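Chemist: Just passing along the structure, written as structure tokens.
Chains as they are written, first to last, in the working numbering: chain D, 6 to 278; chain V, -4 to 376.
In structure tokens form, the structure reads like this:
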């Protein structure tokens, strides 16, 4: 009996914690559906539902174009990180060549550097390449990730060497070994890197603000940030919340689809989200 | 099918770790050749060098007439069966077995035919659509063999393929692989650390120790005429009993610890030629017997010993005791009763004088009479 009560209490505490995490998000979504005057109130549920906030956002900023830009940039960066970082991770975990460990050490070192340190040299490079206000500026600097290489290297190291030797005897070259043997066995690592890269690229505001000025090239978070703080939202909280909700939707959808692998990978790799 | 010629092959890791020292071997076409030795002796390294999975530091390897040193693994026409099966977990049994053939762009109909034929021989027909995780250890091992079979390679390489199986399954697979070799008549190079596997399967065996070749011979000769102390101790289970000592005056007896062991005249003569008349003599457990147990035959010399341990293993029983500084093992027939051999009992034992080996005191090389021990030419036990 006491055990049942304790269990009930435990679940109650967990439910309370979950509500703490979920409440701001629910408040944001419902806030977008309330008339502006009700948003500041304590009531969660709107007295009347309205899509006025969304109408305002769509009329004031080119949401469609920004959404397209964000989707294009995030997809290409994610694909490129998966491809190039896994190739590098494979080389660092499975091939023997001179300087391999030095290269790995350097990669780890770059992870320790805050982005703010490389920000200005990167910007100068973009200017020299004439890539300001282009997709290249948003995509190329993010095409390989040291973090992804680290994850892939560690994950590929767990695959038995005999499998790779066997593939070699069966006629596979190194790239075939990677894509036909190792990739199918590393789904959790691929999905983790994929989701983290997509989310990070999607949410990035600082770098796009620096290299993109042309409104037609702006990404969603950049657009929403400028909309929220740049005056276009006219201090209407509902409009800002609607823009933020639109920004969050693709990430939530991606997470719901891949959450099983994501959680599995986090559990096995010991990574924190 | 092809022969394999290994000529002065060396393997050096880094600058100074030598894994293999100048190995020279010829493996005949269609032979079942076993590489055996303790862990770390270099047997798997040699196999991997033949497969192309390890670089050859020096020397040459030929398959048939082709020097394969610089040929990539996929073009050497060898198939390998790994210790942990190395089946692709995301592919079905059929996909695993057909993977190499697909890669070679063999027509689909032929792939199906070859896989189904191998599956029939190995009794895998019902399992072709299963994934490896849904198979037992023995089934996985058979798939690994089948995957090698369908390629019709010049040489099969087996790297301790039965080590992960339980004892019963290991014995079953041993028979299956031997039968398969008879059927296919393909050259097989088989690595194992299990000397029973080596003795039962190989037509010839090479014994390696610390990267050096110790002896290459048939299982029978290896057991009967070990080239040195290491081979004598490694081949045979329980191991040969060794007594270190030297000639005792002019009596012709061998002084080992406090014991005086009788030697046949030829062995004593051979011992006298060794430095200081010193050496190591070896007697296998089956060549020590309870005194008076040979029907009518007189015992050459009798030693009184105290039984330390009695170890019945079903068909045989092993009696352990101390004699002449050696913890000796004697094989006895349990059907004759084991009461007399209870631990603590004092018993009398004798050596079969026809089967005493002699080894050099320093090099450990076989130094018995007639350029080896006095090996019986017949089949007497």
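Note that the Cβ used here is the ideal one computed from N, Cα and C, for glycine as well.
Treat the numbers as computed from the prediction; the structure is a model and nothing was measured.
On the DSSP bridge assignment, give the partners of residue 208 of chain V in chain order.
Modeler: V:203, per the DSSP bridge assignment.
Chemist: Can you name the residues that DSSP bridges to residue 274 of chain V?
Modeler: Its beta-bridge partners are V:240.
Chemist: To be precise: take each residue of the stretch 82 to 102 of chain D, compare its Cβ to all Cβ atoms of chain V, and keep it if any distance is under 7 Å. Which residues remain?
Modeler: Those residues of the stretch 82 to 102 of chain D that come within reach of chain V (Cβ to Cβ, closer than 7 Å) do not exist; the list is empty.
Chemist: What does a CB cutoff of less than 7 Å around residue 89 of chain D pick up in its chain, not counting 5 residues either side in sequence?
Modeler: Same-chain partners within the cutoff: 148 and 149.
Chemist: What residues in its chain sit with their C-beta under 7 Å from that of residue 256 of chain D, if we drop five residues either side in the sequence?
Modeler: Excluding residues within five positions, the ones whose Cβ falls inside 7 Å are 204 and 207.
Chemist: Can you list, in chain order, the residues of its chain with a C-beta nearer than 7 Å to that of residue 185 of chain D? Leave out the 5 residues immediately preceding and following it.
Modeler: Closer than 7 Å at the Cβ level, and outside the excluded window around residue 185 of chain D, lie 177.
Chemist: Going by DSSP in three states, residue 9 of chain D sits in which element: helix, strand or coil?
Modeler: In this structure, residue 9 of chain D counts as helix in the three-state DSSP scheme.
Chemist: Which chain D residues are close to residue 46 of chain V, counting only those with a beta carbon under 7 Å from its beta carbon?
Modeler: Simply 174.
Chemist: Do residue 37 of chain V and residue 228 of chain V come within 8 Å of each other at the CB atom, strictly closer than that value?
Modeler: Cβ atoms of residue 228 of chain V and residue 37 of chain V: not closer than 8 Å.
Chemist: For residue 221 of chain D, go through chain V and note every residue whose CB falls closer than 8 Å to its CB, in chain order.
Modeler: Chain V residues near residue 221 of chain D: none, gap ~44 Å exceeds 8 Å.
Chemist: Using C-beta distances below 6 Å, list every residue in its chain close to residue 157 of chain V, excluding the 5 sequence neighbours before and after it, in chain order.
Modeler: So the qualifying residues of the chain are 165 and 168.
Chemist: Select from the stretch 158 to 171 of chain D all residues with a C-beta closer than 8 Å to any C-beta belonging to chain V, and list them in chain order.
Modeler: Listed by position along the chain: 165, 167, 168, 170 and 171.
Chemist: What does the alpha-carbon distance come out to for the pair residue 241 of chain V and residue 224 of chain V?
Modeler: Going from the Cα of residue 241 of chain V to the Cα of residue 224 of chain V covers about 16 Å.
Chemist: Across which residues does DSSP place residue 322 of chain V in a beta bridge pair?
Modeler: Answer is V:317.
Chemist: Residues of chain V with a CB under 9 Å from the CB of residue 189 of chain D: which are they?
Modeler: In chain order: 83, 84, 85 and 86.
Chemist: I'd like to confirm the pairing. Which residues does DSSP put opposite residue 152 of chain V in its beta bridges?
Modeler: DSSP output for residue 152 of chain V lists V:75 and V:184 as bridge partner(s).
Chemist: Taking only beta-carbon positions, decide if residue 99 of chain V is within less than 8 Å of chain D.
Modeler: Yes, its Cβ sits closer than 8 Å to a Cβ of chain D.
Chemist: With a cut-off of 8 Å on the beta carbons, I'd call residue 29 of chain V and residue 235 of chain V a contact; round off their distance for me.
Modeler: The pair is not a contact, with the Cβ atoms about 20 Å apart (cut-off 8 Å).
Chemist: Could you please give me the residues that DSSP links to residue 305 of chain V through a beta bridge?
Modeler: V:314, per the DSSP bridge assignment.
Chemist: By a C-beta neighbour count over all protein chains shown, 10 Å radius and 16 as the cutoff for buried, is residue 175 of chain D buried or exposed?
Modeler: Answer is buried; the Cβ neighbour count reaches 16.
Chemist: Can we say the stretch 315 to 332 of chain V touches the stretch 263 to 274 of chain V, given the rule of at least three CB pairs closer than 8 Å?
Modeler: Because the criterion of three Cβ pairs below 8 Å is not met, the stretch 315 to 332 of chain V and the stretch 263 to 274 of chain V do not touch.
Chemist: Write down the C-beta distance between residue 87 of chain D and residue 254 of chain D rounded to the nearest angstrom, noting that I regard them as a contact closer than 8 Å.
Modeler: Wrong, their Cβ atoms sit about 23 Å apart, outside the cutoff.
Chemist: Output needed for residue 335 of chain V: all residues of its chain with C-beta closer than 7 Å, excluding positions within five of it in sequence on either side, in chain order.
Modeler: Within the same chain, residue 335 of chain V has close Cβ partners 342.
Chemist: Specify whether the stretch 240 to 251 of chain D and the stretch 34 to 47 of chain D touch according to this definition: at least 3 beta carbon pairs, one from each stretch, less than 8 Å apart.
Modeler: Result yes; three or more Cβ-Cβ pairs closer than 8 Å.
Chemist: Quick test of the definition: if touching needs 3 or more C-beta pairs under 8 Å, does the stretch 217 to 237 of chain D touch the stretch 91 to 108 of chain D?
Modeler: Contact fails: fewer than three Cβ-Cβ distances are below 8 Å.
Chemist: For residue 187 of chain D, which residues of its own chain have a beta-carbon under 7 Å away from its beta-carbon, when the five flanking residues on both sides are left out?
Modeler: Excluding sequence neighbours, residue 187 of chain D sits near 95, 161 and 164.
Chemist: So, does the CB of residue 3 of chain D fall closer than 8 Å to a CB anywhere in chain V?
Modeler: Chain D is shown only over 6 to 278; residue 3 of chain D falls outside these bounds and no answer can be derived.
Chemist: What is the residue span of the beta strand (DSSP E) that residue 17 of chain V lies within?
Modeler: First-last of the beta strand (DSSP E) with residue 17 of chain V: 12 to 22.
Chemist: Go ahead and pull the three-state DSSP assignment for residue 54 of chain V.
Modeler: In this structure, residue 54 of chain V counts as strand in the three-state DSSP scheme.
Chemist: Sort out for me which residues DSSP pairs residue 361 of chain V with in a bridge.
Modeler: Answer by DSSP bridge pairing, in chain order: V:354.
Chemist: Report the residue from V:248, V:135 and V:177 whose alpha carbon sits nearest the alpha carbon of residue 264 of chain V.
Modeler: For residue 264 of chain V, the nearest C-alpha among the options comes from V:248.
Chemist: Can you tell which of V:68, V:6 and V:50 has the C-alpha that lies nearest to the C-alpha of residue 170 of chain D?
Modeler: Looking at the Cα atoms, V:68 is the closest of the given residues.
Chemist: Could you check the C-alpha separation between residue 178 of chain V and residue 40 of chain V for me, to the nearest Å?
Modeler: Approximately 28 Å, taken between the alpha carbons.
Chemist: Are residue 136 of chain V and residue 160 of chain V close, meaning C-beta to C-beta below 8 Å?
Modeler: A contact, by the Cβ cut-off of 8 Å.
Chemist: Report, in whole angstroms, the separation of the C-beta atoms of residue 351 of chain V and residue 276 of chain V, which I expect to be a contact under 8 Å.
Modeler: Going by Cβ atoms, the distance from residue 351 of chain V to residue 276 of chain V rounds to 6 Å, so yes, they are a contact pair.
Chemist: Can a CB atom of chain D be found closer than 8 Å to the CB of residue 75 of chain V?
Modeler: Closer than 8 Å to some Cβ of chain D, the Cβ of residue 75 of chain V qualifies, so yes.
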